[in-house]
Amino acid sequence: MSQEKEIQELGVVSLLRFAWRQLTSMRTALSLLLILGVASIPGSLIPQRPQNPMKVSDYFKNDPTLAKWMDRLSLFDVFGSAWFSAIYILLFISLIGCVLPRTLEHFKASRALPPITPKNLEKMEFFSTWQGNGNEYEVAKAYLKRKRFRIREFEGALSTEKGYLRETGNLFFHLALILILVGVSMGALFGMKGEAIVNVGERFTNTPTTYDSLTYGKLFKDTSLPPFTLTMNEFKAEYDPLTNAPKDYTLWVTATDTPGATPIKHIIKVNAPLSFGSTNVYLQANGYSPIVTVRDKSGAIVLQGPIPFLPQDGNLTSAGAIKVPDSLPQLGFVASFLPTAARDKVRGGISAFPEALDPKLLLSAWKGDLGLDRGIPQSVYRIDTSKMQKIGLESLKIGQTYSFAEGSITFDGFVPWVNLQIVRDPGKIFALFGAILAILGLLASLFTRRRRLWIRVDEDNRVEVAGLAKNAAPGLENELTLLVEHLKKAGQ
Amino acid sequence: MTHSSWAYVSNYLIYSAMAVYTLAFFAHAYETAWAVRAPQTDEISGNLLTKTFDFTRTEKVARIATSFMVLGFLLLFAGVVARGISAGRVPWGNMYEFSITGALAFCGAYLAALRKYDLRWLGLIVSIAVLLTLGTAITVLYRPSAPLVPALKSTWLVIHVSAAIVSGGVFLLANVIAAAYLYLDAMESRGERTMWAKRLPTLEVLDQLSYRLVAFVFPLWTFAVIAGAIWAEHAWGRYWGWDPKETWAFITWVAYAAYLHARVTVGWRGRKAAWLCLLAGSTFLFNYVYINVWGTGKHTYSGL
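Written out as structure tokens, the structure is:
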């Protein structure tokens, strides 16, 4: 019985050892590397939920069964999927299993002397021999020492080697990749990313409730949000009058790092975020918020203020919803804001230029049940008009009012809004450091040649010179020719 | 000169470069075709002698061809610079500009390699490739010279895009050589090389050369990807977001990394290595053509 058990255990151990050896073999690592490349292809061709949730929901609308199966295979979130993680985790285990033993070996080898000069040097690829006059041994030794070769002397022969940096660089490169992975993981675990739309003139306070969307890593704590506030003072967008393309965006803000601290003025631009420690504030997008006043039948104000609309095209034709839940009956306005109003035969009212040169607000007014009390989250940019009744359509310029039986709406003006993206990534410094290390290691390993040179001078002063380059690296012949010339010149 | 007149100058220079590359193409074609001496009859026996090579007849034309290549490179360089002046920035804002600069990098890589290796036989392919790229650029991809969108306004544009374009040029050259390897390899396995192909380098030389080019430029490509990540962190708030362009840059990186490992560690040579090299190169081209034109994501703001 016990013997049987022992064999079984041995079986398990040897199986594990076999698996480990397989996993850390070069062939497996290479296959995993290629599989990782192939596995990322679907993520670039199929819309991904983290980047493009709208397109993903289109898939669900068009072919729900297929989309459901694709979702089960995590095809809408390839880079967060279990199978993608499995591939790169296996690859990194394989990498560690490959690199660590090699690091130890290299550490030992880098302190050892080169192997003894082989007996038959003439068999080497590069070989040269001539009758010397006795000083070649010392001259060669001095020459190679100056060239920083590692030298071993044994029985009248020099065995020299150079280019250990190749392996050092190689190992550093692979260790740096592990460091990058550590940085990425730290970012995923301790980082956060949120977005908020803020009207110019308003203030943003960095607390979870002020965000429109907020995602954070498993080990991130709400309380570690730095307690800054930002007041949006002014936003300026410049556009090219010929192509309508944006030229420059500038946002002026006043920031207080902590409550009670002295306010400081800053400028945020697209390529210049504002930093609070490891938290950065980016200017991501912008649009317009029309300012409206809605009154009820009695003339009392039931809603007043700027309402952010979402841009629909490059000319900032913006769509939005004005919801008035506090009036009786509830009112809703499905609206478009046109910064420079124009008409298009197909699309109707559009904007012809992104700057507000001739702003207009197009409205369709509805009354009835906005559906806000049902507890189902609703988009603030859309109105569910299924339980509402249409009142009418109107187009307003600034200052104009549209009156109807249930009340009125006045288009008072507009302010720009900005979309702030706030990101904290404590791992990025590790990733950056790893990336720099990786490049340096790569350069060292690809541009260092490892080679051995041998010189033997026998009792009759016969000189033999030979060399061998690892990986058939070029330039050895040239190097040897120089050495031979140097020795011959010294011998004269 | 005004900005728009610089743009005209740039266009004229690009057209001139195309004309010169056409001349280079004809010179290379002439050289390739006429270096082969037609079979002659032996005066005594009347037997047909085998074909032979006579480079002395075409040496002059070959030199002219290379001169045209250099002249074309200089004109193209001037055209790219003028384009940059007309836009008041580095000329890397849209696909037209990437293409003309890419053609410049490709031709530059060829001329640089020519100083060290006898690659004149490659001139025919290089001149066709440059002509096709420039022709597509100026007809299909052409966009009037315009300022950059805000997201591109950064020093990183210069660093990231130049590294990517130069890497692309050298990768492409390595691919052309790998393709030549496969073609000649197939030819040799059927028997002897045909006459015109005999002057081409041996298979080993081609094999080594395409490897050296990749090994030389792989660190630069790594740098291009990392510079892109640093810029993305500045502009978009994350250094890596699996945007389609980023994903394919990663795939290209992985493919070339696999190629280098296959050669250095596993010892792949010849046919297998050449195929892997072509595969890696095609991921780069796919990224440039498909993702730019049909893809979605943050790299597709430039209106091509």
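Residue numbers (UniProt numbering), protein chains in the order written: chain A, 1 to 492; chain B, 1 to 304. Beta carbons: idealized from backbone N, C-alpha and C, even for Gly.
| Check | Outcome |
| --- | --- |
| Mind checking if residue 96(A) is an interface residue toward chain B, Cβ cutoff 8 angstroms exclusive? | no |
| Here's a check: name, in chain order, each residue in its chain whose Cβ is nearer than 6 angstroms to the Cβ of residue 265(A), leaving out the five neighbours to either side. | 254 |
| Quick check on residue 221(B) - is its C-beta less than 8 angstroms from some C-beta in chain A? | no |
| When you compare only the Cα positions, how much space is there between residue 302(B) and residue 141(B)? | With a pLDDT of 47 at residue 302(B), under the threshold of 50, the modelled position of that residue is not reliable, and the figure given next carries that caveat. Going from the Cα of residue 302(B) to the Cα of residue 141(B) covers about 11 angstroms. |
| Taking Cβ-Cβ distances below 8 angstroms as the criterion, which residues of the segment 257-282 of chain A are in contact with chain B? | 269, 270, 271, 272, 273, 280 and 282 |
| Considering just the uninterrupted stretch of the beta strand (DSSP E) at residue 266(A), what are its terminal residues? | 264-269 |
| Have a look at 475(A), 484(A) and 478(A) and flag the residue whose alpha-carbon is nearest the alpha-carbon of residue 465(A). | 484(A) |
| Out of curiosity, what's the CA-to-CA distance linking residue 403(A) and residue 409(A)? | 7 angstroms |
| Assuming residue 88(A) and residue 23(A) make a contact with CB atoms under 8 angstroms, what is their CB distance in whole Å? | Actually they do not touch by this definition, with Cβ atoms about 14 angstroms apart. |
| Quick one, which of 421(A), 455(A), 341(A) and 296(A) has its alpha-carbon nearest residue 212(A)'s? | 421(A) |
| Please state the DSSP three-state secondary structure of residue 244(B). | helix |
| To the nearest angstrom, how far is it from the Cα of residue 272(B) to the Cα of residue 16(B)? | 40 angstroms |
| Given that residue 162(B) touches chain A, what residues does it touch there, using C-beta distances under 9 angstroms? | Going along chain A, no residue has its Cβ under 9 angstroms from residue 162(B), so there is no contact; the nearest lies around 16 angstroms. |
| Here's the rule I'm using: 16 or more other beta-carbon atoms within 10 Å means buried, otherwise exposed. How should residue 61(A) be labelled? | exposed |
| Does the pairing of the segment 468-477 of chain A with the segment 114-127 of chain B give three or more beta-carbon distances under 8 angstroms? | no |
| Report the start-end ranges of each alpha helix (DSSP H) in the segment 87-120 of chain B that is 4 residues or longer and not cut off at the edges. | 95-116 |
| In three-state DSSP terms, what is residue 140(B)? | coil |
| Using 8 angstroms as the limit for Cβ to Cβ distance, is residue 130(B) near chain A? | no |
| Along chain A, in chain order, which residues have C-beta atoms closer than 7 angstroms to that of residue 154(B)? | 271 |
| If you measure beta-carbon to beta-carbon, which residues of the segment 64-79 of chain A are closer than 9 angstroms to chain B? | 78 and 79 |
| Am I right that residue 248(B) and residue 287(B) are in contact with their C-beta atoms under 8 angstroms? What's the rounded C-beta distance? | 4 angstroms |
| Closest by CA to residue 412(A), which one among 341(A), 359(A) and 386(A)? | 359(A) |
| Within 8 angstroms of any Cβ in chain A, is that where the Cβ of residue 108(B) sits? | no |
| Rounded to whole angstroms, what is the Cα-Cα separation between residue 1(A) and residue 49(A)? | Any reading at residue 1(A) must be qualified, since the residue scores a pLDDT of 45, below 50, and its modelled position is unreliable; the value itself is stated next. Whole-angstrom Cα-Cα distance: 56 angstroms. |
| DSSP beta-bridge partners for residue 207(B)? | According to DSSP, which records beta bridges pairwise, residue 207(B) is partnered with nothing at all. |
| Of all the CB atoms in chain B, is at least one closer than 8 angstroms to the CB of residue 51(A)? | yes |
| Between residue 235(B) and residue 154(B), how many whole angstroms is the CB-CB distance? I'm expecting something under 8 angstroms. | 7 angstroms |
| Based on DSSP bridge pairs, tell me the residues matched to residue 246(A). | 239(A) |
| Can you pull the chain A residues whose beta carbon is under 7 angstroms from the beta carbon of residue 233(B), in chain order? | 428 |
| Alpha carbon to alpha carbon, how far is residue 311(A) from residue 336(A)? | 10 angstroms |
| Do the segment 438-447 of chain A and the segment 219-235 of chain A touch if we need at least three Cβ pairs shorter than 8 angstroms? | no |
| Look up residue 469(A) in the DSSP assignment and say whether it is helix, strand or coil. | strand |
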